[in-house]
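> Sharing a structure with you now.
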Amino acid sequence: MMSGKRKIGRGVAIVGAGMSNFGMFPDKDSKDLFAEAFSEMLASVDKGFDPADIQAAWIGNFSNDFFVHQAHWGPIIADLTGIVPRAVTRTEGACASSTLAMRDGLMAIASGMYDIVLAGGVEEMSKCTTEEVTEGLALATSPYEGEAGYTFPGVFGALATAYFHKYGAGREHLMNITIKSHENAPLNPKGQFKQTIRDLMEARKAKAAKKGEQVPDWADEKEALFDPRFNPPVAWPMHLYDCCPISDGASCILMVAEELAKSFTDNPIYIVGFGQGSGRGLHACPSLTSFEANKQAAAEAYGMSGLTPKDVQFAEVHDCFSIAELIHIEDLGFFGEGEGYKAVAEGETRREGRMPINTSGGLKCKGHPVGATGTAQMYEVWKQLRGEAGERQIPGRDLYIGATQNLGGTGGTCTFTIFERR
Amino acid sequence: MEERPFSDISYRKYLDEDKFMGSRCRKCGQIYVPPRRFCLECRSEDMEWHELKGEGELAAYTCISIGPSFMIEEGYDRKNPYCTGVVTLAEGPRMVARIEGVDARDPESIKIGTPMKVEFLHRGEGDKARTFLAFRPL
């Protein structure tokens, strides 16, 4: 049996990171968005950097083939960034595509093959209708789920009913996640949504008043979220506010061999643990309240780093749907099985809480241009660990260990990456 | 029973014939739905076809308002959602399937643990004919 601890053969550090604004941009294409992320990355390298020194790159993209009818994004990004004629490879792992780009960069540096690489991702989704995007994303469900009429929100809706049934939770507990993500949203200038649920309720009331309609009389956020006029069902129990939006965006990170890191910055962020797992569809997975790929990814990353869930001070996790955030924080060991929803209700995952989750606003508010999400999560951890997250900086804490969890498809691919500031 | 390969194509052909078939490992008895070529328990490749009873219990479900195009073509939309779920079969394995005979407009009336019975939904004609696996409360 081949097993045992995985290890990173040679240390790898992140010395630069950038992301475009996330949102729906009718006047921007994938190249424009990647250029934004790339420019910010270059400017973020403290001691300066010549992009001619990039030896290779990996670019995550799920399905621009479907969304904008263009495939083969490696050479397009190589040309845009001036990396051409050096190698740029596209990676695909559905919504985890750019974490897989980082993984290839990590392995390439750790192996000694390259010293300086770029990893990033891009997706351009908003030129399609909601129905088209739903169908495009459904290409990454398992074939049997597709035949049974499942959509992405549908699969997560089914997981939510299983979680509710097993642990006695309900929609009101998922709403705590949505409300928390929207509390962080106004603090992220690059995010798609910048309003709290309260702000959105007031906007809705003002709109009703202006139209001369009956003004809703909601006592609090949950009352609004239970109102189907404010929060219609998508795939019950997933409603609009349980779902991340359709987004365009790009992100990237500059990765270098550990021994070179200090020539780029005095404050590099080291990748100390990485794990990736695969999973089966709903019909064959061992549990309907957990992702087997998460467990594998977490075990590998914790084993590689020598760290435990208690050592991780904050994390960005893949909240494509509210229930996903709940399952992830349990799978990764931050909270016990069936305990996550109680911890969320007690505010433990808020920015001021014991274990801040998705300070960026998460996919729910920051947006989810699927191929860009993995390295965009890393961008947030990079910002937080370096104390550069501005208004959304986690308060009163000396941060040195953060993590990102990225999910592809309906759990077919999960990754977990642990970062350290030394 | 005739020798069809243990494939998704064979599985779907059986559905067309109103048969819900999995594969069973001749060595260790493990049952797989849809069929597998390799037993993941004992790694044997000695499999046989096994007809499932078509009985089970609802393990998870969702009522979908915005479906894929083939469901929209069947007339489902925001005003007329449909239910799809996960059923734990009497033989042990789980399977994803459409859920018929429930009120998808009132999702809270649908209960996990409800005993279910298999049903075969024949849709489309000619080249477009296909059969969907479904379950309905007993």
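Line order of the protein sequences matches chains A and B.
The numbering of the first sequence is my numbering, which starts it at 30 and goes up by one.
The numbering of the second sequence is my numbering, which starts it at 12 and goes up by one.
Think of the CB as a built atom: it goes at the ideal place given N, C-alpha and C, for glycine as much as any other residue.
Predicted model only: the values in this text are computed from it and were never measured.
1. Measuring alpha carbon to alpha carbon, tell me which of A/His101, A/Ser126 and A/Gly278 ends up nearest A/Ala116.
2. Under the three-state reduction of DSSP, which class applies to A/Pro104: helix, strand or coil?
3. Taking the alpha-carbon positions, what's the A/Met30 to A/Asn296 distance?
4. Kindly give me the distance between the Cβ atoms of A/Leu317 and A/Ala191, rounded to whole angstroms, as I take these residues to be in contact under 8 angstroms.
5. Going straight from the alpha carbon of B/Met106 to that of B/Ala70, what length do you get?
6. If we call anything under 8 angstroms between Cβ atoms a contact, is A/Glu160 one with A/Phe96?
7. Could you spell out the range, first to last residue, of the beta strand (DSSP E) harbouring B/Asp19?
8. Can you confirm whether A/Thr190, when its beta carbon is compared against all beta carbons of chain B, has any partner nearer than 8 angstroms?
9. Am I right that A/Leu135 and A/Ile83 are in contact with their C-beta atoms under 8 angstroms? What's the rounded C-beta distance?
10. Looking at the unbroken alpha helix (DSSP H) that takes in B/Ala71, where does it start and where does it end?
11. Does the beta carbon of A/Leu203 come closer than 8 angstroms to any beta carbon on chain B?
12. Does the region 203-216 of chain A touch the region 328-338 of chain A, meaning 3 or more C-beta pairs lie closer than 8 angstroms?
13. In chain B, which residues lie less than 7 angstroms from A/Thr118 when you measure between Cβ atoms?
14. Straight-line CA distance for A/Glu481 to A/Arg39?
15. Between B/Cys39 and chain A, is there a C-beta pair that is closer than 8 angstroms?
16. Along the beta strand (DSSP E) that carries A/Gly396, what are the first and last residues, could you check?
17. Got a sec: is the Cβ-Cβ distance from A/Glu160 to anything in chain B below 8 angstroms?
18. When the Cα of B/Tyr28 is compared with those of B/Phe146, B/Glu56, B/Thr142 and B/Arg147, which residue comes out closest?
19. Give me whichever residues DSSP pairs with A/Ala85 in a beta bridge.
20. Who does B/Pro126 pair with in a DSSP beta bridge?
21. Using a Cβ cut-off of 9 angstroms, pull out every chain B residue sitting near A/Thr163, in sequence order please.
22. Look up A/Ile307 in the DSSP assignment and give the residues it is bridged to.
23. Determine which residues share a DSSP beta bridge with A/Cys281 and list them.
24. Between which two residues does the alpha helix (DSSP H) containing A/Thr433 stretch?
25. Would the beta-carbon of A/Gly220 fall within 8 angstroms of that of A/Phe51?
26. For the alpha helix (DSSP H) holding B/Ile110, just list the boundary residues, first then last.
27. Could you tell me which uninterrupted alpha helix (DSSP H) segments, each at least 4 residues in length, are contained entirely in the region 324-378 of chain A, listed from first to last along the chain?
28. Whose Cβ in chain B lies nearer than 8 angstroms to the Cβ of A/Pro266?
29. What does a CB cutoff of less than 7 angstroms around A/Asp94 pick up in its chain, not counting 5 residues either side in sequence?
30. Report the neighbours of A/Pro274 on chain B: residues whose CB is nearer than 9 angstroms to its CB, in chain order.
31. Which chain A residues sit within Cβ distance under 7 angstroms of B/Ala108?
32. Just how far apart, CA to CA, sit A/Gln422 and B/Gly112?
33. Checking contacts by CB at 8 angstroms: is A/Glu174 closer than that to chain B?
34. In three-state terms, what does DSSP make of B/Thr99?
35. Which chain A residues sit within Cβ distance under 7 angstroms of B/Tyr8?
36. Quick check: is the beta carbon of B/Asp88 nearer than 8 angstroms to any beta carbon in chain A?
Taking the geometry as given:
1. Residue 116 of chain A sits at position 87 when you count from the first residue of the first sequence. Comparing C-alpha distances from A/Ala116 to each of A/His101, A/Ser126 and A/Gly278 shows the shortest one belongs to A/His101.
2. As a working note, residue 104 of chain A is residue 75 in the first sequence. Residue state, collapsed to three classes: helix.
3. As a first step, residue 30 of chain A must be located in the first sequence, where it is residue number 1. As a first step, residue 296 of chain A must be located in the first sequence, where it is residue number 267. Here A/Met30 scores only 44 on pLDDT, less than 50, and its place in the model should not be relied on; the value that follows carries that caveat. About 40 angstroms.
4. Locating residue 317 of chain A in the first sequence gives position 288, where the first residue counts as 1. Locating residue 191 of chain A in the first sequence gives position 162, where the first residue counts as 1. Indeed, because the Cβ distance is near 4 angstroms, the residues count as touching under 8 angstroms.
5. For the purposes of this step, residue 106 of chain B is taken as the residue at position 95 of the second sequence. For the purposes of this step, residue 70 of chain B is taken as the residue at position 59 of the second sequence. If I take the Cα positions, the gap works out to 10 angstroms.
6. For the purposes of this step, residue 160 of chain A is taken as the residue at position 131 of the first sequence. For the purposes of this step, residue 96 of chain A is taken as the residue at position 67 of the first sequence. Not in contact: A/Glu160 and A/Phe96 (Cβ atoms no closer than 8 angstroms).
7. Residue mapping note: residue 19 of chain B aligns to position 8 of the second sequence, counting from 1. No beta strand (DSSP E) holds B/Asp19; the alpha helix (DSSP H) holding it covers Asp19 to Asp27.
8. Numbered from 1 along the first sequence, position 161 holds the residue referred to as residue 190 of chain A. Yes, its Cβ sits closer than 8 angstroms to a Cβ of chain B.
9. Residue 135 of chain A sits at position 106 when you count from the first residue of the first sequence. Residue 83 of chain A sits at position 54 when you count from the first residue of the first sequence. About 15 angstroms; that fails the 8 angstroms criterion.
10. Along the second sequence, read from residue 1 onward, the residue named residue 71 of chain B stands at position 60. Counted as a single uninterrupted DSSP element, the stretch harbouring B/Ala71 is not any alpha helix (DSSP H) but the beta strand (DSSP E) occupying residues Glu66 to Ile75.
11. The residue you call residue 203 of chain A lines up with position 174 of the first sequence. Among the residues facing chain B, A/Leu203 is not included, as its CB has no counterpart in that chain under 8 angstroms away.
12. The region 328-338 of chain A, when compared against the region 203-216 of chain A, does not touch it at the 8 angstroms Cβ threshold.
13. Taking the first residue of the first sequence as 1, we reach residue 118 of chain A at position 89. Chain-order list of chain B residues neighbouring A/Thr118: empty, with the shortest C-beta distance near 30 angstroms, by a criterion of under 7 angstroms.
14. Outside the shown range of chain A (30 to 451) lies residue 481 of chain A, about which nothing can therefore be said.
15. Counting from one through the second sequence, the residue named residue 39 of chain B turns up at place 28. With 8 angstroms as the cut-off, B/Cys39 does not count as an interface residue toward chain A.
16. Here residue 396 of chain A refers to the residue found at position 367 of the first sequence. In the DSSP assignment, A/Gly396 falls outside any beta strand (DSSP E) and carries neither an H nor an E.
17. For this step, residue 160 of chain A is matched to residue 131 along the first sequence. It does: the Cβ of A/Glu160 has a partner Cβ on chain B nearer than 8 angstroms.
18. As a position in the second sequence, residue 28 of chain B is number 17, starting the count at 1. It should be noted that the sequence gives Glu, not Tyr, for residue 28 of chain B. Of the candidates B/Phe146, B/Glu56, B/Thr142 and B/Arg147, B/Thr142 places its Cα closest to the Cα of B/Glu28.
19. One-based indexing of the first sequence puts residue 85 of chain A at position 56. BP columns for A/Ala85 point to A/Val146.
20. For this step, residue 126 of chain B is matched to residue 115 along the second sequence. B/Glu68, per the DSSP bridge assignment.
21. Residue 163 of chain A sits at position 134 when you count from the first residue of the first sequence. Ordered by position in chain B, the residues that pass the 9 angstroms Cβ test against A/Thr163 are Ile77, Gly78 and Pro79.
22. Walking along the first sequence from the start, residue 307 of chain A turns up at place 278. A small correction: the amino acid at residue 307 of chain A is Ser; Ile does not occupy that position in the sequence shown. Beta-bridge analysis with DSSP links A/Ser307 to A/Thr442.
23. Within the first sequence, the letter at position 252 stands for residue 281 of chain A. A/Cys281 is bridged to A/Gly47 and A/Gly149.
24. As a first step, residue 433 of chain A is located in the first sequence; it is residue number 404 there, counting from the start. No alpha helix (DSSP H) contains A/Thr433, which is instead part of the beta strand (DSSP E) from Ile430 to Gly437.
25. Here the question's residue 220 of chain A lines up with position 191 in the first sequence. Here the question's residue 51 of chain A lines up with position 22 in the first sequence. A contact, by the Cβ cut-off of 8 angstroms.
26. Against the second sequence, residue 110 of chain B aligns to sequence position 99. According to the DSSP assignment, B/Ile110 belongs to no alpha helix (DSSP H) but to the beta strand (DSSP E) extending over Arg105 to Ile110.
27. Fully contained in the region 324-378 of chain A are the following alpha helix (DSSP H) runs of length 4 or more, in chain order: 351-360 and 369-374.
28. Residue mapping note: residue 266 of chain A aligns to position 237 of the first sequence, counting from 1. Here the neighbours are Thr73 and Pro118.
29. Position 65 of the first sequence, counting from 1, holds the residue named residue 94 of chain A. Residues Ala100 of the same chain have their beta carbon placed closer than 7 angstroms to that of A/Asp94, with the five preceding and five following residues left out of the count.
30. To locate residue 274 of chain A, count along the first sequence from 1; it is residue 245. Those do not exist, as A/Pro274 stays about 14 angstroms from chain B at its closest Cβ, beyond 9 angstroms.
31. Against the second sequence, residue 108 of chain B aligns to sequence position 97. Counting only Cβ-Cβ distances below 7 angstroms, B/Ala108 has contacts in chain A at Ala177, in chain order.
32. Here residue 422 of chain A refers to the residue found at position 393 when the first sequence is read from its first residue. Here residue 112 of chain B refers to the residue found at position 101 when the second sequence is read from its first residue. A/Gln422 and B/Gly112 have their C-alpha atoms roughly 51 angstroms apart.
33. Position 145 of the first sequence, counted from the first residue, corresponds to residue 174 of chain A. With 8 angstroms as the cut-off, A/Glu174 counts as an interface residue toward chain B.
34. What you label residue 99 of chain B is simply residue 88 of the second sequence in a count that begins at 1. In the structure shown, B/Thr99 sits in a strand (DSSP, three-state: E or B).
35. With chain B covering only 12 through 149, there is no way to say anything about residue 8 of chain B.
36. Counted from its first residue, the second sequence places residue 88 of chain B at position 77. Cβ-Cβ to chain A under 8 angstroms: no for B/Asp88.
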